[in-house]
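Enquirer: Residue numbers 1 to 281, in UniProt numbering, belong to the letters of the sequence shown in order. For every residue, glycine included, the Cβ atom is placed at its ideal position computed from N, Cα and C. Pasting in a structure now, in structure tokens, and then I'll have a few things to ask.
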Amino acid sequence: MATVANFSAKPITTVIPRPSTAVASTSSFVFFDPKPNSLILKQSWVTNPTRRRFSAVKVKAGAASPGRWAKNKLVVVEFATSKSDQSSKIYPFMVELSRTCNDVDFLLVMGDESEKTRELCRREKIEKVPHFSFYKSMEKIHEEEGIGPDQLIGDVLYYGDSHSAVVQLHGRADVEKLIDENRTGGKLIVLDVGLKHCGPCVKVYPTVLKLSRSMSETVVFARMNGDENDSCMEFLKDMNVIEVPTFLFIRNGDICGRYVGSGKGELIGEILRYSGVRVTY
1 MATVANFSAK
11 PITTVIPRPS
21 TAVASTSSFV
31 FFDPKPNSLI
41 LKQSWVTNPT
51 RRRFSAVKVK
61 AGAASPGRWA
71 KNKLVVVEFA
81 TSKSDQSSKI
91 YPFMVELSRT
101 CNDVDFLLVM
111 GDESEKTREL
121 CRREKIEKVP
131 HFSFYKSMEK
141 IHEEEGIGPD
151 QLIGDVLYYG
161 DSHSAVVQLH
171 GRADVEKLID
181 ENRTGGKLIV
191 LDVGLKHCGP
201 CVKVYPTVLK
211 LSRSMSETVV
221 FARMNGDEND
231 SCMEFLKDMN
241 VIEVPTFLFI
251 RNGDICGRYV
261 GSGKGELIGE
271 ILRYSGVRVT
281 Y
């Protein structure tokens, strides 16, 4: 778990690198080369590229940077090298994510492709690959290095999810609206309260997504990042949220319980208990 006080400082903010080209396809895994008028798909370093099909799109010179082109979409930039076994192993998972996560743009930078890509890696202070940088609205919101598939998938879902059954809340007004909409009808509201750079919050979120799909008839799942704005942070203080992730259970307009932690089994048990299902530990 993470303590809210430790995350009160302003999150990392960095303007996205500005190569000469931009990603123009969300359905394929692409590579951008900082040469004018080029967007090239690199497959030669993959062990068995014939099993995968992609498409690359030419982009005019002077096109917007990846962050600007994607607007509010999550942009995931992987820095890799052709000689890195770990980069090769995680590549198929990046491919699959690029096919299934339509609300995310994926870019691949081969750090040993050319002197220009090496310079880009030096400028971004890439010391270990694979290195993943996550951008939204031209700002770096998160980064990881040397991670495995499970951590990558969790990060992409956590920072890029915008179309799931989990309701995204951005302030107290959103919370009050959600409670009013579900004041009658008997559905339990499970409010997942976390922070942007909280590892346990990221870890448990795929479970929240799965539950939101399987329990949609009886439970409403919602999420709020406390450090998104002042209204969210004030809500955390009013709810006496000290550690994250904290799950608030709300029924008929009243908070009936909470669970603090990222244990998947414990979370499921608590949701079932507050849903009226008898649970024996």
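1. According to DSSP, simplified to helix, strand and coil, what is M1?
2. Please identify the residue among V277, P200, S88 whose C-alpha is closest to the C-alpha of P130.
3. Exposed or buried, what is T117 when buried is set at 16 or more other beta-carbons lying within 10 Å of its beta-carbon?
4. Measuring straight from C-alpha to C-alpha, what distance separates A165 and R223?
5. Can you list, in chain order, the residues of its chain whose CB lies under 7 Å from that of L267, leaving out five sequence neighbours each side?
6. Output needed for M1: all residues of its chain with C-beta closer than 8 Å, excluding positions within five of it in sequence on either side, in chain order.
7. State the DSSP-derived secondary structure class of E119, mapped to helix, strand or coil.
8. Could you tell me whether the stretch 162-182 touches the stretch 223-242, using the rule of 3 or more Cβ pairs below 8 Å?
9. My guess is that F132 and V175 are in contact by the Cβ rule of under 8 Å, so how many angstroms apart are they, rounded?
10. Report back the beta-carbon spacing between I153 and L191 to the nearest angstrom; my notes put them in contact at under 8 Å.
11. What separation, rounded to the nearest whole angstrom, lies between the Cα atoms of F249 and E113?
12. Taking the alpha-carbon positions, what's the G269 to I147 distance?
13. Rank D161, E124, Y91, K136 by C-alpha distance to the C-alpha of N102 and give the top, closest one.
14. Using the three-state DSSP reduction, which class does R183 fall into: helix, strand or coil?
15. Helix or strand or just coil, what does DSSP make of E243?
16. Check whether the Cβ atoms of D150 and V202 sit closer than 7 Å, and answer yes or no.
17. Excluding five sequence neighbours on each side, which residues of the same chain lie with their C-beta closer than 8 Å to the C-beta of Q86?
18. Look at the Cβ atom of S195, then the Cβ atom of V219, and state whether they are nearer than 7 Å.
Expert: According to the structure data:
1. Taking the first residue of the sequence shown as position 1, residue 1 is located at position 1. Three-state result, M1: coil.
2. Looking up residue 130 in the sequence shown gives position 130. Among V277, P200, S88, the Cα nearest to that of P130 belongs to S88.
3. As a first step, residue 117 is located in the sequence shown; it is residue number 117 there, counting from the start. Counting Cβ neighbours within 10 Å, T117 comes out buried, since at least 16 surround it.
4. Within the sequence shown, the letter at position 165 stands for residue 165. Within the sequence shown, the letter at position 223 stands for residue 223. If I take the Cα positions, the gap works out to 10 Å.
5. The residue given as residue 267 occupies position 267 in the sequence shown. The residues are V204, T207, F247, Y259.
6. By one-based count along the sequence shown, residue 1 stands at place 1. If we look at M1 and ignore the five residues flanking it on each side, its Cβ neighbours are P200, E243, V244, P245, V260, G261, S262.
7. Here the question's residue 119 lines up with position 119 in the sequence shown. Three-state DSSP puts E119 in a helix.
8. yes
9. What you label residue 132 is simply residue 132 of the sequence shown in a count that begins at 1. What you label residue 175 is simply residue 175 of the sequence shown in a count that begins at 1. With 8 Å as the limit, F132 and V175 do not qualify as a contact, their Cβ atoms being about 31 Å apart.
10. The residue labelled residue 153 in the question sits at position 153 within the sequence shown. The residue labelled residue 191 in the question sits at position 191 within the sequence shown. At roughly 23 Å, the Cβ-Cβ gap does not stay under 8 Å, so I153 and L191 are not in contact.
11. On the sequence shown, position 249 is the one that residue 249 refers to. On the sequence shown, position 113 is the one that residue 113 refers to. The alpha-carbon atoms of F249 and E113 are separated by roughly 51 Å.
12. Here residue 269 corresponds to residue number 269 of the sequence shown, with the count starting at 1. Here residue 147 corresponds to residue number 147 of the sequence shown, with the count starting at 1. When rounded, the distance between both Cα atoms is 29 Å.
13. Position 102 of the sequence shown, counted from the start, is the residue given in the question as residue 102. Of the candidates D161, E124, Y91, K136, the one whose C-alpha sits nearest the C-alpha of N102 is D161.
14. Residue mapping note: residue 183 aligns to position 183 of the sequence shown, counting from 1. Coil.
15. What you label residue 243 is simply residue 243 of the sequence shown in a count that begins at 1. The answer is strand: DSSP assigns E243 an E or B state.
16. For the purposes of this step, residue 150 is identified with residue 150 of the sequence shown, where counting begins at 1. For the purposes of this step, residue 202 is identified with residue 202 of the sequence shown, where counting begins at 1. Not in contact: D150 and V202 (Cβ atoms no closer than 7 Å).
17. The residue given as residue 86 occupies position 86 in the sequence shown. Around Q86: V129, P130, G146.
18. In the sequence shown, residue 195 corresponds to position 195, counting from 1. In the sequence shown, residue 219 corresponds to position 219, counting from 1. In the sequence on display, residue 195 carries Leu and not Ser. In this structure, V219 does not lie closer than 7 Å to L195 by Cβ.
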